[in-house]
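If you read the sequences in order, they're chains E and V. Under the working numbering, residues -13 to 144 are what the first sequence spells out, in order. Under the working numbering, residues -13 to 144 are what the second sequence spells out, in order. So the structure is just underneath, and the comments pick up after that.
Number of protein chains: 2
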Amino acid sequence: MSDKSELPIALRAAYLAMHRMSDGQFAKYGITADQFVLMAALSRGDALTQRELARRMTSDPSTVRAMLVILAKKGFVEREIHPTDSRARTVALTVVGKRKFRQLWNAGEAIRTQMLEAIYPETPESLVRLLTRIAESLSVDNATVSLSDSDSTLSDHS
Amino acid sequence: MSDKSELPIALRAAYLAMHRMSDGQFAKYGITADQFVLMAALSRGDALTQRELARRMTSDPSTVRAMLVILAKKGFVEREIHPTDSRARTVALTVVGKRKFRQLWNAGEAIRTQMLEAIYPETPESLVRLLTRIAESLSVDNATVSLSDSDSTLSDHS
DNA sequence: CCTGAATCATGCGTATACGCACGTAATGAT
DNA sequence: ATCATTACGTGCGTATACGCATGATTCAGG
């Protein structure tokens, strides 16, 4: 019952709280927290393929697709045929989407600030580093092998 | 573009990676990561009301209900009428559910260990503390007031 | 060139995650 | 006792998050 077992729970609690709060803030603008993440990724690198976009969002291609359909209907993103690869599609923010994103960025400022205050006097650097290491360590690529042999299934935990 | 803006993204990436990995591990046992969280909560405090259970899971009552329906069908939880409050229902693990949870706990050990190794030589204590503070700070109760007045919406971010 | 493997997007099915509204029941104030 | 408020569970609608299968291409070898 040490902190070891609490780390997953704490991570979950923090993420869900952040997600709920963000959804609430962005709702006024007709946008969800995840749509904001997608637009943020696009604002940093336009004309990505859907797959690359999904990778940068730590998300799933089919999920991203569903989100893109919604965002395209809202007029915030454009999807076009990839110039050289006719399988792929490139995604980019529209002009309206870019303006919207700047609004959203400001709307989210309060939450980012609040998160900083919550960890004060700690700085985000070390926290970001630890979270990133966890994310990378648990990414499917690395971990498939090292986890496959945990079959001490029949023993109890005390 | 400092770490301030990266903290939400890092938190999201870490949580999603953990969730995916957990889902993969628990899938062999016919259980999802979130169902594991629910059963873990029940294993610590039986005979909770659905609402109290939702609170402890940092989750939503209607979500929890849907999960309980599934878990009850699988035979892992029981829902009964609350002895004194006829609106409420009490939830508890069945005998089968308890045994199943011990299996799941062991199956999840590898992931918990891997998370610890990812942050080594850091210990989980401080990380858990920070995450908990973030979660509490962003819980809807506290934050409704302090966030409601962030209407510098029309300005840009540089 | 031509075939088999890898890659991209899509669609389908399931499980969360939530907000919201509704019906019922407990509770508190008059 | 009665009424308004509050609290609990349920159902509905929408958006994610994923795995998996499928179709269309690209690409690497031969």
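All C-beta atoms in this analysis are idealised placements derived from N, C-alpha and C, irrespective of residue type, glycine included. Note that the structure is a prediction, hence the values are computed from the model and not measured.
**OP:** Flag this pair as yes or no: are the beta carbons of V/V82 and V/L28 separated by less than 8 Å?
**Re:** Position 96 of the second sequence, counted from the start, is the residue given in the question as residue 82 of chain V. Position 42 of the second sequence, counted from the start, is the residue given in the question as residue 28 of chain V. For V/V82 and V/L28, no; Cβs fall outside 8 Å.
**OP:** For the beta strand (DSSP E) holding V/I67, just list the boundary residues, first then last.
**Re:** If you number the second sequence from 1, residue 67 of chain V lands on position 81. For V/I67, the enclosing beta strand (DSSP E) stretches over residues V63 to I67.
Subject >> Terminal residues of the beta strand (DSSP E) in which E/R75 lies >> reply: Sequence index remark: in the first sequence, residue 75 of chain E carries index 89 (1-based). Boundaries of the beta strand (DSSP E) harbouring E/R75: R75 to L79, taken from the DSSP string.
Subject >> Coarse secondary structure for V/A129, derived from DSSP in three states >> reply: The residue given as residue 129 of chain V occupies position 143 in the second sequence. Low confidence applies to V/A129: its pLDDT is 41, below 50, so where it sits in the model is not reliable, and the reading given next is rough at best. In the displayed model, V/A129 falls within a helix according to three-state DSSP.
Original post:
Of all the CB atoms in chain V, is at least one closer than 8 Å to the CB of E/A58?
Top reply: Within the first sequence, residue 58 of chain E is the residue found at index 72, counting from 1. For E/A58, the answer is no, since every Cβ of chain V falls outside 8 Å of its Cβ.
Subject >> Whole-Å CB distance - V/Y15 paired with V/A93, under 8 Å assumed >> reply: Here residue 15 of chain V corresponds to residue number 29 of the second sequence, with the count starting at 1. Here residue 93 of chain V corresponds to residue number 107 of the second sequence, with the count starting at 1. Indeed, because the Cβ distance is near 6 Å, the residues count as touching under 8 Å.
Original post:
Looking only at DSSP bridge pairs, what is E/T35 linked to?
Top reply: As a working mapping, residue 35 of chain E is identified with position 49 in the first sequence. Note: E/T35 sits in a beta bridge opposite E/T76.
**OP:** Determine the burial state of V/K86: buried for a count of at least 16 other Cβ atoms within 10 Å of its Cβ, exposed for fewer.
**Re:** Against the second sequence, residue 86 of chain V aligns to sequence position 100. Around the beta carbon of V/K86, a 10 Å sphere encloses 16 or more other beta carbons of the protein chains shown; the residue is thus reported as buried.
Subject >> Same chain, Cβ closer than 8 Å to V/G61, neighbours up to 5 away in sequence not counted >> reply: One-based indexing of the second sequence puts residue 61 of chain V at position 75. Within the same chain, T80, V82 and G83 come within 8 Å of V/G61 by CB-CB distance, once the 5 residues on both sides are set aside.
Original post:
On the three-state DSSP scale, how would you describe V/P107?
Top reply: Locating residue 107 of chain V in the second sequence gives position 121, where the first residue counts as 1. DSSP places V/P107 in coil when its eight states are reduced to three.
**OP:** Compute the Euclidean distance between the alpha carbons of E/A58 and E/D71, then round it to the nearest angstrom.
**Re:** Taking the first sequence and counting its residues from 1, one reaches residue 58 of chain E at position 72. Taking the first sequence and counting its residues from 1, one reaches residue 71 of chain E at position 85. Roughly 21 Å separates the two Cα atoms.
Subject >> Any C-beta of chain V under 8 Å from that of E/T139 >> reply: Your numbering for residue 139 of chain E matches position 153 in the first sequence. Confidence at E/T139 is low in this model, with a pLDDT of 37, below 50, so its placement is unreliable and no value can be given for it.
Original post:
So, is V/A13 buried or exposed, given that buried needs 16 or more other C-beta atoms within 10 angstroms?
Top reply: Indexing the second sequence from 1 puts residue 13 of chain V at position 27. V/A13 comes out exposed.
Original post:
Can you list, in chain order, the residues of its chain whose CB lies under 8 Å from that of V/P69, leaving out five sequence neighbours each side?
Top reply: Residue mapping note: residue 69 of chain V aligns to position 83 of the second sequence, counting from 1. Same-chain partners within the cutoff: T76.
Subject >> Option nearest V/E38 by Cα separation, candidates V/V63, V/A52, V/Q11 and V/A74 >> reply: As a position in the second sequence, residue 38 of chain V is number 52, starting the count at 1. The residue among V/V63, V/A52, V/Q11 and V/A74 with its C-alpha nearest the C-alpha of V/E38 is V/A74.
Original post:
Should E/A52 be flagged as near chain V, meaning a C-beta pair shorter than 8 Å?
Top reply: If you number the first sequence from 1, residue 52 of chain E lands on position 66. E/A52 does not count as touching chain V.
Subject >> Contacts that V/R65 makes with chain E (C-beta to C-beta distance below 7 Å) >> reply: Looking up residue 65 of chain V in the second sequence gives position 79. Those within 7 Å of V/R65 in chain E number zero; the least Cβ separation is about 23 Å.
Original post:
With 8 Å set as the bound, which would you pick, yes or no: does the beta-carbon of V/V81 sit closer than that to a beta-carbon of chain E?
Top reply: Start at 1 with the first residue of the second sequence, and residue 81 of chain V comes out as number 95. V/V81 does not count as touching chain E.
Original post:
Can you tell me the Cα-Cα spacing of V/R41 and E/M101, whole angstroms?
Top reply: Sequence index remark: in the second sequence, residue 41 of chain V carries index 55 (1-based). Sequence index remark: in the first sequence, residue 101 of chain E carries index 115 (1-based). Just so you know, the alpha carbons of V/R41 and E/M101 end up roughly 21 Å apart.
Original post:
Using a Cβ-Cβ distance under 8 Å, would V/R37 count as near chain E?
Top reply: The sequence position of residue 37 of chain V within the second sequence is 51, counting from 1. Taking Cβ atoms only, chain E never reaches closer than 8 Å to V/R37, which makes this a no.
Original post:
Would E/V23 count as contacting chain V if we go by Cβ distances under 8 Å?
Top reply: Residue numbering aside, residue 23 of chain E sits at position 37 when the first sequence is read from its first letter. At least one C-beta of chain V is nearer than 8 Å to the C-beta of E/V23.
Original post:
Can the beta-carbon of V/L3 be found closer than 8 Å to that of E/T44?
Top reply: Numbered from its first residue, the second sequence carries residue 3 of chain V at position 17. Numbered from its first residue, the first sequence carries residue 44 of chain E at position 58. Per the sequence shown, residue 3 of chain V should be read as Ala rather than Leu. Yes, Cβ-Cβ distance for V/A3 and E/T44 is below 8 Å.
Original post:
With DSSP run on the structure shown, which of helix, strand or coil describes E/I97?
Top reply: As a working mapping, residue 97 of chain E is identified with position 111 in the first sequence. Annotated three-state conformation of E/I97 is helix, per DSSP.
Subject >> Reference E/A121; option with closest CA among V/F22, V/W91 and V/L(-3) >> reply: The residue you call residue 121 of chain E lines up with position 135 of the first sequence. For E/A121, the closest alpha carbon among the candidates V/F22, V/W91 and V/L(-3) is that of V/L(-3).
**OP:** With 9 Å as the limit, tell me which residues of the stretch 108 to 122 of chain E have their beta carbon closer than that to any beta carbon of chain V; keep them in chain order.
**Re:** So the close ones are E108, T109, P110, E111, S112, L113, V114, R115, L116, L117, T118, R119, I120, A121 and E122.
**OP:** Just the C-alpha distance for V/E145 and V/Q36, rounded to the nearest angstrom, thanks.
**Re:** Residue numbering for chain V in the displayed model covers -13 to 144; residue 145 of chain V lies beyond these limits and cannot be assessed.
Original post:
Grouping DSSP H, G and I as helix and E and B as strand, with all else coil, what is V/L124?
Top reply: For the purposes of this step, residue 124 of chain V is taken as residue 138 along the second sequence, with counting starting at 1. Coil at V/L124, not helix or strand.
Original post:
If you count every other CB in all the chains shown that lies within 10 Å of the CB of E/P48, and 16 or more means buried, which is it?
Top reply: The count along the first sequence starts at 1 and reaches residue 48 of chain E at position 62. Checking the sequence shown, residue 48 of chain E turns out to be Ser, not Pro. Exposed, because fewer than 16 other Cβ atoms sit within 10 Å of the Cβ of E/S48.
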